[in-house]
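The structure under discussion appears below in the form of structure tokens.
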Amino acid sequence: MSGHGDGELLDRVLLTRVLEPGDEVGGRWVREYGAGEVVRRLLGADGAALPGVSPKRWGGLRARARRAEPERDLAVAAAAGVRFVRPGQVEWPGQLDDLGDGRPIGLWVRGRPALRTWALRSVAVVGARACTEYGAHMAVTLAAGLAERGWVVVSGGAYGVDGAAHRGALGAGGATVAVLACGLDRPYPRGHVQLIERIGEQGLLVGELPPGDHPTPSRFVLRNRVIAALTRGTVVVEAAYRSGSLATARAAQRLGRHTMGVPGPATSGLSGGVHELLRQDAVLVTDAADVVELVGDMGELAPDRRGPVLPRDLLEPGARRVLAALPGRGAAGVPDIACGAQTSQDDTIARLYELRALGYVERHGDDWKLTRQAMISAREGRGAC
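Count the sequence shown with the working numbering and you get residues 855 to 1239, in order.
The structure is reproduced here in structure tokens:
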């Protein structure tokens, strides 16, 4: 193929027709021999096989190579507004090289932004296709929050959590990338054609497969490694124990990326896979601030999580101990209160008069009791725990 203009481009485009995504044997050939030599051997008259495959498999690869038309693929792609990005080009995201011999031969990309620039500040949000309303809500709000903070949301364009994540980012006026397991000129799933078109216009569509290629179960799974490698971290919103989105999380873990999970109800089977991740090495997150604290730059900290500040929280420790020593109902004498507060009777009397001035206690003869307002405050404090 080297006699046609940009030989490296045409060779790699041809190989996207020959090698399946993630084919590590083929990736090793390209690394060791170069794309041009691999193509020459595939198309050569002698048919000398490259190492690592059976004669039957080599024959299948040669048959694919003979049918490939890289110039036509590039023309069809260009008509659909799709370009081919390969290793070594400025737009190539270097983090994909972490996949080793399993890295893509190249990527088909649709959209104006530069993939490399967007990938540098991106987070994957993935999860169940048949998600619950809770899962969809969490995916939308999480993605919107990330987009508002200037992060690119990456997902797979599928039904359920993926679609909700893309919509959340787009709705916030932010950036999103859909990594598809099919040719970009034939978006899948069909029910998401409008959403995928919108992503292509406002964000980026990315895929390993050439124009016209269709998705298969294995291609969906292998696509997930690209999502994991492109991004700084992966958030799983909802996933059952056998969910494909867990493959993205496991790929992220193998690549040393951050892995995060959004907890769900303990009784929900759709959260079982997420909870299993959280019992291992994944980090629990509940909103975009949690995610950014993990994957962002130093100093991008999530706010402290705490309940409401109650008036009794503002008391001095000694006064709080005396207040806590009073019974919830009825009155008590100074000796009993002092014993409960573990302080002297003189200190107890001083604290009681201080608390009376603040409206917490009232005196009944020689005894003291909580005011009605103090009892309400105590109940609120217990409810906040």
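Beta carbons: idealized from backbone N, C-alpha and C, even for Gly. Note that the coordinates shown come from a computational prediction; the quantities given were computed from them, not determined experimentally.
Sequence-distant residues of the same chain with beta carbon closer than 8 Å to residue i, five excluded per side
i	result
Arg975	Gly1004, Trp1005, Val1006, Arg1086
Ile1191	Val1176, Ala1179, Leu1180, Thr1202, Leu1206, Trp1222
His1046	Gly1011, Ala1012, Tyr1013, Gly1017
Val1089	Val977, Ala978, Val979, Val980, Leu996, Met1114, Gly1115, Val1116, Val1139, Val1145
Arg847	Outside the modelled stretch of the chain, which goes from 855 to 1239, sits residue 847, for which no answer is possible.
Glu878	Gly954, Asp955, Gly956
Arg970	Val944, Glu945, Trp946, Pro947, Gly948
Val907	Val879, Leu915
Backbone CA spacing between residue i and residue j [nearest angstrom]
i	j	result
Leu1076	Ala931	22 Å
Leu1034	Pro875	12 Å
Ala1211	Gly1219	17 Å
Ala933	Pro1041	15 Å
Gly1184	Glu1208	20 Å
Glu987	Gly914	46 Å
Ala1106	Ala929	34 Å
Ala1048	Leu1058	Looking at the sequence provided, one finds Gln at residue 1048 rather than Ala. Distance between the alpha carbons of Gln1048 and Leu1058: 14 Å.
Gly1182	Thr1121	36 Å
Val867	Pro1064	8 Å
Ala1093	Gln1056	28 Å
Asp865	Gly888	10 Å
Ala1083	Arg1174	53 Å
Leu863	Asp927	12 Å
Gly1172	Asp1200	13 Å
Trp883	Leu904	8 Å
Arg1133	Val1091	15 Å
Local Cβ density within 10 Å of residue i, reported as buried at 16 or more and exposed below that
i	result
Ser1097	buried
Asp1039	buried
Tyr1214	buried
Val1116	buried
Val1008	buried
Arg957	buried
Pro941	buried
Gln1227	exposed
Glu1170	exposed
Pro924	buried
His1020	buried
Which residues DSSP lists as bridging residue i, in chain order
i	result
Leu1138	Gly1115
Asp1221	Gly1187, His1218
Thr1088	Ala978, Thr1113
Ser1009	Ala1032
Val936	Arg964
Val1060	Val963, Val1033
Close-in-space but distant-in-sequence residues of the same chain around residue i (CB under 6 Å, 5 per side omitted)
i	result
Asp1028	The question names Asp, but residue 1028 in the sequence shown is Gly. Here the set comprises Ala1001.
Other residues of its chain near residue i: CB distance less than 7 Å, five sequence neighbours each side excluded
i	result
Arg885	Asp955
Ala814	Past the boundaries of the shown model lies residue 814; the chain is included only from 855 to 1239, so the question cannot be answered.
Val872	Leu896, Leu915, Arg918, Ala919, Ala922
Gly881	Asp955, Gly956, Arg957
Worksheet item: Is it true that the segment 959-970 meets the segment 1109-1122, where meeting means three or more beta-carbon pairs spaced less than 8 Å apart?
Response: no
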